[in-house]
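Worksheet: one structure, shown below.
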Amino acid sequence: MKKLVLISLFISLALNSYGQERAKNYDDIYVKFPTLAKFLGKWEYREGNKYFMIELTKYQYITPSGKGGMDKINGTHTYSEQNSVLDASKENEKTIKNGFYDYENKDENVLKFRFKESKYRLVYANGKLSYSPNNPNVLQWSLEEPSNLLHPSESVKFIVPMNVKLTKVKER
Numbered sequence: 360m361k362k363l364v365l366i367s368l369f370i371s372l373a374l375n376s377y378g379q380e381r382a383k384n385y386d387d388i389y390v391k392f393p394t395l396a397k398f399l400g401k402w403e404y405r406e407g408n409k410y411f412m413i414e415l416t417k418y419q420y421i422t423p424s425g426k427g428g429m430d431k432i433n434g435t436h437t438y439s440e441q442n443s444v445l446d447a448s449k450e451n452e453k454t455i456k457n458g459f460y461d462y463e464n465k466d467e468n469v470l471k472f473r474f475k476e477s478k479y480r481l482v483y484a485n486g487k488l489s490y491s492p493n494n495p496n497v498l499q500w501s502l503e504e505p506s507n508l509l510h511p512s513e514s515v516k517f518i519v520p521m522n523v524k525l526t527k528v529k530e531r
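Below, the structure written as structure tokens:
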């Protein structure tokens, strides 16, 4: 009888206790970032006969499980010189992708993204948009040198500006 009680006690302890906390499932959480709203809309750069415009929109990234996700930013661009379009997003093509605030530095005034010109299929550059709360109608656009995924040894030069100040286009 004593053995039966001890065995029952050990089984009961083994079933009702565990050594560490169970991992939480974050797949079903949707994270909203209201601070991304300051980047949305049309922004442009003009200098002489050069014109560069981007339009940023928010989209809902959904995790592969389909249960959770987060807000991100995508966008399109147009670059022209002397009223001739040299590069622009094609219809339904997002050339500014996966825009998300700089979580490494915990800076919600910096938006990091991937950018590609429409003429290059697999050439992307890391980009950054910097927002200043003191000057809310201006964004600093900067791109790193693009990386060529098809032919890494070949260097590629984008024709869009690499480092300019964009001005917010007023909504009508």
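Residue numbering for the sequence shown follows the working numbering, beginning at 360 and increasing consecutively. Using N, Cα and C, we set each Cβ at its ideal position, and we do this for glycine too. Bear in mind the structure is a predicted one, so any value in this text is a computation, not a measurement.
Review point. If you drop the 5 nearest sequence neighbours on each side, which residues of the same chain put their C-beta closer than 6 Å to that of M429?
Key: V390, Y420
Point to revise | Residue from F517, T435, N408 with nearest C-alpha to L399 | key: T435
Review point. So which of K397, N442, G407 has the shortest CA-CA distance to L488?
Key: K397
Review point. Along the chain, where does the alpha helix (DSSP H) that runs through K397 open and close?
Key: It is not in any alpha helix (DSSP H) - K397 carries neither H nor E in the DSSP assignment.
Exercise for review: Using only alpha-carbon positions, find the residue among I388, N522, S424 that is nearest to N485.
Suggested key: N522
Practice item. Check whether the region 489-499 touches the region 440-451, counting contact only when three or more Cβ pairs, one atom from each stretch, lie closer than 8 Å. Key: Taking 8 Å as the limit for Cβ pairs, the verdict is that the region 440-451 does not touch the region 489-499.
Exercise for review: Mind checking who S439 pairs with in its DSSP beta bridge?
Suggested key: Y410, V444
Exercise for review: Please confirm whether K409 and E440 have their CB atoms less than 7 Å apart.
Suggested key: yes
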